[in-house]
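Data first, discussion second: the structure below is written as structure tokens.
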Amino acid sequence: MKEVRIGVIGLGGMGTNHMRSVLLTPGAKLTAVCDIRKEVVDKVAAENKVKGFYDGEEMMKSGDVDAVIIVTPHFDHTVKAVAAFKHGVHVLTDKPIAVHKADAQKMIDAHKKRPDLKFAAMFNMRTDSLYIKIKNLIETGELGEIHRVNWIITNWFRSQSYYNSGGWRATWRGEGGGVLLNQCPHQLDLFQWFFGMPVKIRAFCQVGRYHNIEVEDDVTAYCQYKNGSTGVFIASTGEAPGTNRLEITCDRGRLIVEDGKITFNRAEIPVSKFIKTSTTGFGLPPIWHVDVPSGNDRMAHQKIIANYVDAILNGTPLIAPGEEGIKSVELSNAMLYSSIKDKTVDMPLDGKAFEKILNGLIKNSRFVKPKEQKIKNNDLSKSFVK
Ligand SMILES: NC(=O)c1ccc[n+]([C@@H]2O[C@H](COP(=O)([O-])OP(=O)(O)OC[C@H]3O[C@@H](n4cnc5c(N)ncnc54)[C@H](O)[C@@H]3O)[C@@H](O)[C@H]2O)c1
């Protein structure tokens, strides 16, 4: 194969963006587009002189595509990915790979039957040199053992009008979750990419704290790791200006990532050694202030698409294998589960148990077809906040 024929499924905000990225990617050829909105398909297909489909599976069966990019609402990712593997088509799915762990597992199982196909996830932040640098500092042992991590990611501000803009948004039935599932999959993916999976999670999620929505828009989660390290993950879509600050407390000091910069306050002597050897009761080890250089990135989504194409054509390893997407889904599910059950959750999460809870929320969801939707004031805010 010299060129990968790609079909984009879902021509909303992000799908249109990915379609443009395909057009810029060497080795990729946009051959088809798909959406359930027929007028959009007809227009986009005509503009780009490609085939238009109103049904994703028809596109996969057509013989017009080798690979798809799935950019539909969250619940649909599993349906489309499983169908694509069945029809022998490569998959790149946008985040989250699925709404819940059991669905993510279905995608992984479907892929296992076709290991010759590529399964990739759109975790574009993994291409950001800032985060690549942090991964590198951790993996090379530069930070020493990690003791505690705190990520405050509250600069995902969204207004009520954002939530009102799409019928599937911010409902259990339409979207399957709130800030954890829509805005935070990127940070949850990086959280596990850097620090691994915790063994316990205790979280407090508030639904509709700042917005008239039925899903969570404010989260505080505590994670505990096998070696005793701890992590706190805080997210919100209701704070302005909000914060994006990752603090890593480690044996070699403290690393702070904020405002696109990495600052390392490096202990000249490992802290664990200094605690044992210092003859003074209060003094700190000498600390060096280091501004860690990292690049300034653009075109993150296009890099993931280029890597997907390269993996198909040349076997290049994927930056974000689809299988790894189950971890951020599991973290998000476990945080919600802990909050709903008002208890600490042991990991790995029982995916079936979470699915059951989610199905209960979906049953009472107020999601209706976009044209009929009217957001009414109703007090869901106390539904599972203890
Ligand atoms: N990676 C990122 O940085 C990033 C950013 C924003 C959104 N996203 C993700 O992209 C996906 C889409 O989000 P969006 O903001 O573009 O939403 P959107 O509502 O703008 O677009 C979704 C599109 O999918 C279409 N669609 C719905 N069901 C379909 C089906 N069964 N078959 C074909 N088309 C269907 C809709 O008609 C719509 O055009 C979500 O998973 C979202 O989380 C990723």
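First residue of the sequence shown? That's 1 in the working numbering, and the numbers climb one at a time after it.
For glycine and all other residues, C-beta sits at the position ideal for the given N, C-alpha and C.
Under the Cβ criterion (8 Å, minimum of three pairs), the stretch 14-28 counts as touching the stretch 297-312.
Taking 7 Å as the cut-off, the C-beta of residue 72 counts as close to a heavy atom of ligand 1. The alpha carbon of residue 127 has as its nearest neighbour, out of 296, 366 and 313, the alpha carbon of 296. Per DSSP, the unbroken beta strand (DSSP E) holding residue 255 starts and ends at 253-258. DSSP places residue 284 outside both helix and strand once states are collapsed to three, so it counts as coil. Residue 336 places its beta carbon less than 8 Å from that of residue 177. Between residue 135 and residue 294, the C-beta spacing is not below 8 Å. Nearest C-alpha to residue 124 among 350, 323 and 301: 301. A Cβ-Cβ contact shorter than 8 Å links residue 324 with residue 121. Within the DSSP secondary-structure output, residue 236 pairs in a beta bridge with 218.
In the three-state reduction of the DSSP assignment, residue 11 falls in the coil class. Residue 107 is classed as buried because its beta carbon has at least 16 other beta carbons within 10 Å across all chains shown. Residue 326 has its Cβ no nearer than 7 Å to any heavy atom of ligand 1. Just so you know, the alpha carbons of residue 89 and residue 114 end up roughly 9 Å apart. In terms of Cα proximity to residue 253, the closest of 240, 352 and 268 is 268.
DSSP, reduced to helix, strand and coil, places residue 94 outside both helices and strands of the structure shown, so it counts as coil. In the DSSP assignment, the residues bridged to residue 29 are 5. Only residues of its own chain outside the window of five on either side were considered, and among them 35, 70, 71 and 72 have a CB closer than 7 Å to the CB of residue 10, listed in chain order. Between residue 168 and residue 358, the C-beta gap is not smaller than 8 Å, which leaves the two residues out of contact. Partner residues in a beta bridge of residue 226, as assigned by DSSP, do not exist. Secondary structure of residue 193 (DSSP, three-state): helix. Counting along the chain, residue 273 sits inside no beta strand (DSSP E); it lies in the alpha helix (DSSP H) bounded by residues 271-277.
Contact between the stretch 231-238 and the stretch 148-162 is present, with at least three C-beta pairs closer than 8 Å.
In its chain, beyond the 5 residues on either side, 85 and 119 have a beta carbon closer than 6 Å to the beta carbon of residue 111. Within 7 Å of the C-beta of residue 211 there is not a single heavy atom belonging to ligand 1. For residue 206, the enclosing beta strand (DSSP E) begins and ends at 200-207. Cα atoms of residue 79 and residue 329: separation of roughly 16 Å, rounded to the nearest angstrom. By alpha-carbon distance to residue 342, the top candidate from 287, 205 and 215 is 205. With a threshold of 7 Å, the Cβ atom of residue 128 does not count as near ligand 1, since no heavy atom of the ligand is closer than that. Spatial neighbours of residue 322 in its own chain (CB-CB distance under 7 Å, excluding positions within 5 residues in sequence) are listed in chain order as 91, 93, 97, 107, 111, 119, 120 and 121.
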